[in-house]
Amino acid sequence: MDRELFPERPAYPRGPIITGRVIRLRDGYSREMKIRRPALVAVLTAASVARLIGVLVLSVLRAGTGSGGRRKFKELRKGPEFLVTPLRLRDSDGVLYEMEIHGHLPQSALEPADHIQVTVRSQKDADLAPRVERIVNITTGQLLTPRIPTLWSHLGPALVLQSLVGLLVLGLVVAGYVLTAT
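Numbering (full-length UniProt numbering), first residue to last: 1 to 182.
So this is what it looks like as structure tokens:
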């Protein structure tokens, strides 16, 4: 049978660990991560309290404040994009498997014909290939763990710190109200 006209269909791995040889690393593409609205609203509300206090203090110290580099709710709701690289490997029985690597790896980390052992996990969408959690490159002796962005890395340390300050201020206001009411 002609392999160009009728290419071999890859299988999705059933077990969590597969050992085989890298056949092909296809070109990566970006996929958007979804951000849940309640978590985002809670962080932005707390951060707004701290921002409001900061704006009040700055308005007392000088005539006006700039808007700064604040991102809009729509931008934050969209979520970060991360790199998805399809990986094909063939095990010792000759079965071709396809899986996805989410996140970045060093460019020279995997080469065709490398002997690797991968740990995979199925994704929420059953139509997608399983996601690689860990790669042990037996040829080079490297342990590789691809990392994807999280909600906290997407929001950034400044906004997370600002929301923590806002929560602290809200806590102090509530505690002061409770103490004066009793």
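Note that beta-carbon positions come from the ideal geometry of N, C-alpha and C, so glycine has one too.
Boundaries (first-last residue) of the alpha helix (DSSP H) holding residue i
i, result
"L20", "The sequence as given places Gly at residue 20; Leu does not occur at that position. Careful: G20 lies outside any alpha helix (DSSP H), inside the beta strand (DSSP E) at I17 to L25."
"E75", "F73 to K78"
Best match in the options for proximity to residue i [C-alpha to C-alpha]
i, options, result
"F73", "L83, A50 and L44", "L44"
"L52", "A181, V165 and L87", "V165"
"R70", "I148, S48 and R121", "S48"
"L89", "E98, V178 and R26", "E98"
"Q142", "G171, L159 and E111", "E111"
"D93", "G20, Y177 and I101", "G20"
"T119", "P146, L128 and G54", "P146"
"T150", "I18, M33 and R26", "M33"
"T148", "H102, R24 and V57", "A small fix is needed here, since residue 148 is Ile in this sequence, not Thr. Checking every option, the nearest Cα to that of I148 belongs to H102."
"L26", "A50, A126 and E100", "The amino acid occupying residue 26 in the given sequence is Arg; Leu does not appear at that position. R26 has its Cα closest to that of E100, out of A50, A126 and E100."
"A158", "A50, G28, L172 and I23", "A50"
"G28", "A181, H104 and A42", "H104"
"D91", "L144, V22 and A42", "V22"
"D114", "A126, L87 and D125", "L87"
Distance, residue j Cα to residue i Cα
i, j, result
"V84", "L96", "19 Å"
"G156", "P7", "44 Å"
"E133", "Y12", "15 Å"
"V169", "E75", "26 Å"
"V174", "I17", "51 Å"
"G15", "R9", "18 Å"
"residue 188", "G79", "Residue 188 is absent from the structure shown; the chain starts at 1 and stops at 182."
"V178", "V57", "25 Å"
Contacts around residue i, its chain only, beta-carbon distance under 8 Å, and the 5 residues preceding and following it disregarded
i, result
"S30", "E81, F82, L83 and V84"
"W152", "V160"
"R77", "I35, R37 and L40"
"P130", "Y12, P13, M99, E100, V120, R121, S122 and Q123"
"L128", "E100"
"I116", "T19, G20, R21, V22, L89, L110, I135, V136, N137, I138 and T139"
Delimiting residues of the beta strand (DSSP E) encompassing residue i
i, result
"L144", "Q142 to L144"
"L96", "L96 to H102"
"S92", "Where S92 is concerned, there is no enclosing beta strand (DSSP E), given that its DSSP letter is neither H nor E."
"Q162", "No beta strand (DSSP E) holds Q162; the alpha helix (DSSP H) holding it covers P157 to A181."
"R31", "Y29 to E32"
"I135", "R131 to N137"
"R121", "H115 to R121"
Chain-order list of residues whose beta-carbon lies under 6 Å from that of residue i (same chain, five-residue window excluded)
i, result
"A46", "S163, G166 and L167"
Report yes or no: do the stretch 127–145 and the stretch 102–118 share at least 3 C-beta pairs separated by less than 8 Å?
Using a Cβ-Cβ distance cut-off of 8 Å, the stretch 127–145 and the stretch 102–118 are in contact, since at least three pairs of beta carbons, one from each stretch, lie closer than that value.
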